[in-house]
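Position 173 of the sequence shown, counting from 1, maps to 169 under the numbering used here, and the rest follow consecutively. Yeah, the Cβ is synthetic: ideal placement off N, Cα and C, and Gly gets one too. Predicted model, so just to flag it, every value in this text is computed and none were measured.
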Amino acid sequence: MNQQAKEETIPNALPSPSRLGPMLVCLAFTPKAFPFESRRIFEILHRLAFLGGVKELVENHGCLLPPQGFEKRIGNGVMDGELVDPSGDSVTLEATGSDRIKIQKIIQACLYKADTEGSVWVSSINEIMECPPFLIRAINAKASELVAFKNRYPQVASRLQMPHPDVCPLCSNSACPTWKPRQ
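Quick look at the structure:
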């Protein structure tokens, strides 16, 4: 197969925002299996962070829950919640069960707003933040390019190890010099 034909057959579909977030922090990211024993605790903390975010947006920003429900499927992912601000614009709320908002969660939240107007908020157990519009645009503008690059040059991408404390603990790329086996 010649190089041009090979390039035309490479899929460039975007992964879900939850899978794409860590990948945009480090192209060499390979997700680690989530330990079953931690799943319940994660789900409880995630719900607490989500409810805290809803409380903040309703009490201090005048948002309302839409009549059709707050969870919403976007493309190949499901965002945690969509509220409506006082002017009628949509408000995306993405939550994390962590004690602080991690970089990949900010990216994930911004990816849910690729083709829609409105604001994006991210909440954790201890904080809530609004993502600035320029960040939402920048992340969405680069996401497709970076996925296409990773698909076109997988060997190069797998060596683009850009360690970050928010994503390294979630990674299973043993070729990375910062990778450590799970204790």
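Problem set entry | Residues near A153 in its chain [Cβ-Cβ closer than 7 Å; skip 5 each side] | L23, A24, F145, K146
Exercise. Is the stretch 115 to 127 close to the stretch 12 to 21, with three or more CB pairs under 8 Å?
Worked result: no
For this session: Please go through the same chain and pick out, in chain order, the residues whose beta-carbon is closer than 7 Å to the beta-carbon of L166, but skip the five residues on each side of it.
Result: P18, P27, K28
For this session: State the Cα-Cα distance for the pair Q64 and L44, rounded to the nearest angstrom.
Result: 22 Å
Exercise. So the beta strand (DSSP E) V87 belongs to, where does it begin and stop?
Worked result: 86 to 91
For this session: Please determine, among T92, L156, G73, the residue with the shortest C-alpha to C-alpha distance to A171.
Result: L156
For this session: Look at the alpha carbon of L131 and the alpha carbon of C106, and state the distance between them as a whole number of angstroms.
Result: 8 Å
For this session: Tell whether a beta-carbon distance below 8 Å holds between G93 and F38.
Result: yes
Exercise. Is the beta carbon of S119 sitting closer than 8 Å to the one on L89?
Worked result: yes
Problem set entry | Three-state secondary structure assigned by DSSP to P27 | strand
Problem set entry | Neighbourhood of D81 by C-beta, 6 Å cutoff - its chain only, sequence neighbours within 5 removed | C59, V87
For this session: Specify the secondary structure class of N61 as computed by DSSP and reduced to three states.
Result: The sequence as given places Leu at residue 61; Asn does not occur at that position. L61 falls in the coil class under three-state DSSP.
For this session: Please report the residue range of the beta strand (DSSP E) in which E187 lies.
Result: Lying before the first or after the last residue shown, residue 187 is absent from the chain, which here runs from -3 to 179.
Problem set entry | Inter-residue CB distance, C162 and I99 (contact presumed, cutoff 8 Å) | Residue identity check: residue 162 is Asp in the sequence provided, not Cys. D162 to I99, Cβ: 5 Å. Contact.
For this session: Between the Cα of I135 and those of P150, W175, Y108, spot the shortest distance and give me the residue it belongs to.
Result: Y108
Problem set entry | Integer-rounded CB distance, given that I103 should sit under 8 Å from E123 | Incorrect: roughly 16 Å between the Cβ atoms, too far for contact.
Problem set entry | V163 (DSSP reduced to helix, strand or coil) | coil
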